[in-house]
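Asks: In our numbering, the protein residues as written are 303 to 520.
#1: Taking C-beta to C-beta, are residue 461 and residue 472 nearer than 8 Å?
#2: Does residue 402 come out as helix, strand or coil in the three-state DSSP assignment?
#3: Distance check for residue 478 and residue 356, CA to CA, integer angstroms please.
#4: Report yes if the C-beta distance between residue 389 and residue 378 is below 8 Å; otherwise report no.
#5: So, for residue 470: in the same chain, excluding its five sequence neighbours on each side, which residues have a beta-carbon less than 8 Å away from its beta-carbon?
#6: Could you compute how far the alpha carbon of residue 414 sits from the alpha carbon of residue 408?
#7: May I ask which residues mark the beginning and end of the alpha helix (DSSP H) holding residue 484?
#8: Confirm, please, whether the CB-CB distance from residue 443 to residue 486 is below 8 Å.
#9: Kindly identify the DSSP beta-bridge partner or partners of residue 357.
#10: For residue 489, count neighbouring C-beta atoms within 10 Å of its own C-beta (all shown protein chains included) and say buried if the count is 16 or more, exposed if not.
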């Protein structure tokens, strides 16, 4: 026989703050500080997918990331589709006049991006054991910084996943180090933003210097 619906949790369910009524959650046997809705639907706060190591010290999310990283690297650097992506990034009009089906390639990229975003959302929700609409708010700054710091051009047509992988390690270790040093979130955001600005300015400055040196030689 199924248990009756815990009516004492209704205020917490209707509230935007999952900690709105911790007494109700504790009385019903739910973990205080976590939103009770995922737990009533059968999701545990600490799931095997999100937190528990499955292959040695690696969690499922890390394994999936490594597999997708290798697959995308092969597709981008060793396949015809990857070459089409680079051509489109360098010159979209030239790619269209060369007979490349630009709309089809762009649609494929958008679909792949959406699937990856959905998978990342599932893994992130599994890691935290709860779901909120603004859970990943602010991640855009880190992601853009990782991409540009890894050598990907903001205008498209250049970059590789090896640089992006190294940039991921740099940003993650920087974030963890600042967190362990008790640096406030606003200061961390300023540091990441400064890295973003430098990652845009430095390549442009280097390219300008190279162009001037070539011009002086000629």
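The beta carbon of each residue, even a glycine, is placed where N, CA and C say it ideally should be.
Replies: The short version:
#1: no
#2: Residue state, collapsed to three classes: coil.
#3: 23 Å
#4: For residue 389 and residue 378, no; Cβs fall outside 8 Å.
#5: 448 and 452
#6: Distance between the alpha carbons of residue 414 and residue 408: 10 Å.
#7: Segment: none, residue 484 is in no alpha helix (DSSP H) and carries neither H nor E.
#8: no
#9: 360
#10: exposed
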